[in-house]
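Read the structure below first, then the notes.
Protein chains: 2
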Amino acid sequence: MGQRRPNKVTQLDIARLAGVSQSTVSRVMAGDPKVEPDLRERVLQAARLHSYLPDARAQSLRRRESGMIGLVIKRPRGGLAGDAFFSNLIGEIMDRLHDAKSRLCLELVHEQENEVTVHEALLRSKRVDGVVLVESVVHDSRLELLQRDRFPFVLIGNPMLSRVWSVDNDNVAAGEMAANELIAAGYRRIAMLAGPPGVTVSEDRILGYSRALDAAGMPCRIWHSEFGIEAARRVAEEALSGPMAPDALVVLDDLMAMGVVLTAREIGMRIPDDLGLVSFNDTHLCHVLERGLTSVSLNIETIVREAVDCLMAQIRGDGPSEPRRILVPCQLRRRGSSAPVPRGEEALR
Amino acid sequence: MGQRRPNKVTQLDIARLAGVSQSTVSRVMAGDPKVEPDLRERVLQAARLHSYLPDARAQSLRRRESGMIGLVIKRPRGGLAGDAFFSNLIGEIMDRLHDAKSRLCLELVHEQENEVTVHEALLRSKRVDGVVLVESVVHDSRLELLQRDRFPFVLIGNPMLSRVWSVDNDNVAAGEMAANELIAAGYRRIAMLAGPPGVTVSEDRILGYSRALDAAGMPCRIWHSEFGIEAARRVAEEALSGPMAPDALVVLDDLMAMGVVLTAREIGMRIPDDLGLVSFNDTHLCHVLERGLTSVSLNIETIVREAVDCLMAQIRGDGPSEPRRILVPCQLRRRGSSAPVPRGEEALR
DNA sequence: TATCCTTGAGAATACGAATTCTCAAGGATC
DNA sequence: GATCCTTGAGAATTCGTATTCTCAAGGATA
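Residue numbers (this note's numbering), protein chains in the order written: chain A, 1 to 349; chain B, 1001 to 1349.
Here is the structure:
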């Protein structure tokens, strides 16, 4: 009933038990073919008997790798809340890493805190072999640090910086696609509900949105909101009030779009009749809206595959040495929220 | 342009630079007061200059702790997909850990694979100091292993085993609450759409559901489904067809409830008129349904707080030594999907 | 002034495994 | 039969910190 935790079995113990040296045990564990079959068997025997398992910390110290990668997500405290995008992302990464028999160290960075901390805690202290960064802002000091120290990393997002490995959707194209969908559907006052200023996904999609509207000769209107359903709901309340309120919105993500839906419902705007809606991510939420929410699918699975593969290649040291920006195509999933406005009604607008 | 990664600064380097011994550097870094102020300053100076940072692996080896805890979630491959419950959970844990300046190592276990692997990879190999387990099945061999080896761990769920630290909702009560809501609303053929057999959350809620129905003198009907929106949708198709189809469902979680909603929509059943619905988790999804989805809120934040605190206490070795089962109360959030059936219509049923 | 404590800091060792160094035994070569 | 390679495995070293051991200098005490 002692408080002691046993499980102190080390290679040396196994060595003694098998009557060999510690180095031999190490060799056997490593599968070194330079060990006589009978010795090998004796060692394995002993190891099995004591259910020996190597100490990951010691291994990690001696080899120069930890077998872990970090995932750094930058969101305000509580900002992960219920965002299916992240479960998707995390799930995909895990599945991918599973094959590479590497583990994941998750790290959330709150907006306000020093980003450098994470860089230090994770990479400089050798806790992980490399990191996947999600979502960057236009000027992200982390990237430069990582670059300077030559740490293996890949950004999921737009680095706004050259010579950085990154995987991303073509968010400019995505924004354009979304806006064009609404234009084609016959909406006339198409605004955008974007994320916080300076966040690259948001900026890129704004750019795409602007291009589409410019091309159509329509004026742009942009609202910014924090992430999350509640924040978006509040901003939407403002955006959708007044006589010149937009009749359609491109919204930065599904969750925020749900905020818009709630507001619309409150003030009695019907979707898509009074308000057209296109968002991004194509999560489950899109199916739940009565007639469906049109959304741009980001192919997270592909993004993650590319990102993890590329990170692993960097860690292993093989693969192409020149940093590359990988763009994963998006697809618009057309649903009820952007249904073309019936001819008859269009005239009334 | 060399492939070399620098950043090989060790305590010894700092020691040399400051003209002291390595042990002194170590002492300074540890904040040992037994070092003369001027020496201390000299060392800190040098450390800052070379931006020295201790190697977490070495520290972890020498001290006997890794400063990391593991989170083990058991779900089929891809099964995390978009489940807001997990983003919530993970988010909360991160926030909580943040305060305890510990890191999180995430681990997904796929149903079919040997659970022992994780136990070994994480705990026996000393990668983490303790683990939080989520969702257990009625007979979970991991628990016994953890118990035997005296590893610090806490289960979020029902251990079905004594002498295990665990935090959970009172899912029996929750199931009862959900069923009673539908009974009170006047539904007559209340069935349950549960999770896979053997999963404790599911079993517990089934029990609660059964009690409520027994008490009301109504017959129980239970369907089992895998987790996720799609699986639930398929099972719902079967459950809701036929002349004796239920007129209300208690569904194991919001995501699965959405599957039911989709099916209902397809076959033209209106909610709550033709089909009453109560589910669990109270995620954002509940607000999205036109009239809202009634759901039992689980207070994830509280669960996580209790779980993490308890795990930390175990790791530190203080706190109550006797394993305890902590129950966090649930609240029913009443929304449109369980709106009382109007008197007039009730007669028609 | 001689002896006994403090105190501060260097030297040495431990943590657990991987790797390099060394060397003895056995086989091949001339 | 003497020399040169292999080859297998033990001994020693290393990874970077934390800690224990040691010891010299300085202060207090008698």
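A virtual CB, placed ideally from N, CA and C, is assigned to each residue, including glycine.
It should be emphasised that the depicted structure is a prediction, and the values quoted were computed from it without experimental measurement.
Item                                                                                                                                                                              : Value
With DSSP as the reference, identify every bridge partner of C105 (chain A), one or two as the case may be.                                                                       : A:G70 and B:C1105
Give me the chain A residues within the contact set of F1086 (chain B), using Cβ-Cβ distance strictly less than 7 Å, ordered along the chain.                                     : S87
G336 (chain A) and L252 (chain A) look like a contact to me (Cβ under 8 Å); what is the Cβ gap, rounded to whole Å?                                                               : Actually they are not in contact, since the Cβ atoms of G336 (chain A) and L252 (chain A) sit about 20 Å apart, beyond 8 Å.
Given a threshold of 16 other Cβ atoms within 10 Å of its Cβ, counted over all protein chains shown, does G1198 (chain B) qualify as buried or as exposed?                        : exposed
If we call anything under 9 Å between Cβ atoms a contact, is V132 (chain A) one with I69 (chain A)?                                                                               : yes
Enumerate in chain order the residues of its own chain whose CB-to-CB distance from M1029 (chain B) is below 7 Å, with the five nearest sequence positions on each side excluded. : P1054
Count the other CB atoms within 10 Å of the CB of L1238 (chain B); is the residue buried (16 or more) or exposed (fewer)?                                                         : Inspection of the sequence shows that residue 1238 (chain B) is occupied by Glu rather than by Leu. By the neighbour-count rule (16 or more Cβ atoms within 10 Å), E1238 (chain B) is not buried but exposed.
Assuming A1194 (chain B) is part of the alpha helix (DSSP H), what are its boundary residues?                                                                                     : From DSSP, A1194 (chain B) is part of no alpha helix (DSSP H) but of the beta strand (DSSP E) over I1190 to A1194.
Relative to chain A, which residues along the stretch 1230-1241 of chain B have a C-beta separation below 8 Å, given in chain order?                                              : none
Closer than 7 Å by C-beta to R1004 (chain B): which residues in its own chain qualify, once you throw out the five before and the five after it? Chain order, please.             : Residue placement at R1004 (chain B) is poorly supported in this model, since its pLDDT is 41, which falls under 50; the coordinates are not used for a value here.
Need the endpoints of the alpha helix (DSSP H) that A1352 (chain B) sits in, please.                                                                                              : The question about residue 1352 (chain B) has no answer here: the residues shown for chain B are numbered 1001 through 1349.
So that I know if they touch, is there some Cβ in chain B lying closer than 9 Å to that of C310 (chain A)?                                                                        : no
F280 (chain A) bridges to which residues according to DSSP?                                                                                                                       : A:V296
Can the beta-carbon of E1107 (chain B) be found closer than 9 Å to that of L311 (chain A)?                                                                                        : no
Give me the subset of the stretch 174-193 of chain A whose CB atoms are less than 9 Å from a CB atom of chain B, sorted by chain position.                                        : none
Evaluate M1192 (chain B) with the Cβ neighbour count: other Cβ atoms within 10 Å of its Cβ, from every protein chain shown; 16 or more gives buried, anything less gives exposed. : buried
Alpha carbon to alpha carbon, what distance is there between L285 (chain A) and Q1331 (chain B)?                                                                                  : 24 Å
Say whether chain B places a C-beta atom closer than 9 Å to the C-beta of D95 (chain A).                                                                                          : yes
Confirm, please, whether the CB-CB distance from D1254 (chain B) to F1151 (chain B) is below 9 Å.                                                                                 : no
Mark P1006 (chain B) as exposed unless 16 or more other C-beta atoms lie within 10 angstroms of its C-beta, in which case mark it buried.                                         : Residue confidence for P1006 (chain B) is low, a pLDDT of 49 falling below 50, so the modelled location carries little weight; the figure read from the coordinates is stated next. Under this definition P1006 (chain B) is an exposed residue.
So what's V138 (chain A) in DSSP terms, helix, strand or just coil?                                                                                                               : coil
Looking at C-alpha atoms only, which residue of B:F1153, B:P1076 and B:R1188 is the closest neighbour of R1324 (chain B)?                                                         : B:F1153
On the CB-based measure, 16 or more other CB atoms within 10 Å of its CB, does I1271 (chain B) come out buried or exposed?                                                        : buried
Based on the DSSP output, what are the partners of H1224 (chain B) in its beta bridges?                                                                                           : B:A1194
Suppose you measure from the CA of A216 (chain A) to the CA of S210 (chain A); what does that come to, to the nearest Å?                                                          : 10 Å
Hey, could you find the ends of the alpha helix (DSSP H) A970 (chain B) is sitting in?                                                                                            : As displayed, chain B neither begins before 1001 nor continues past 1349, which places residue 970 (chain B) out of reach and without an answer.
Using the Cα positions of D99 (chain A) and D168 (chain A), report the straight-line distance between them to the nearest angstrom.                                               : 22 Å
Does chain A have any CB closer than 9 Å to the CB of S997 (chain B)?                                                                                                             : Since the first residue of chain B shown is 1001 and the last is 1349, residue 997 (chain B) is not available in this structure.
Using C-beta distances below 8 Å, list every residue in its chain close to R1291 (chain B), excluding the 5 sequence neighbours before and after it, in chain order.              : I1271, P1272, R1335, G1336, S1337 and A1339
Just to check my reading of the structure: V1308 (chain B) and I1093 (chain B) have Cβ atoms closer than 8 Å, yes? What is that Cβ distance to the nearest angstrom?              : 6 Å
Check V1328 (chain B) in the structure and name its three-state DSSP category.                                                                                                    : strand
Could you check whether the Cβ of I90 (chain A) sits closer than 9 Å to any Cβ belonging to chain B?                                                                              : yes
Of all the CB atoms in chain A, is at least one closer than 9 Å to the CB of C1220 (chain B)?                                                                                     : no
Taking Cβ-Cβ distances shorter than 7 Å, what residues in chain A pair up with K1126 (chain B)?                                                                                   : D55, A56 and R57
Contact check, G1186 (chain B) vs G1208 (chain B) under 8 Å by CB: the rounded distance?                                                                                          : Incorrect: roughly 20 Å between the Cβ atoms, too far for contact.
Quick one: measure Cβ to Cβ for D1170 (chain B) and L1327 (chain B), integer angstroms, because I've assumed they're closer than 8 Å.                                             : 5 Å
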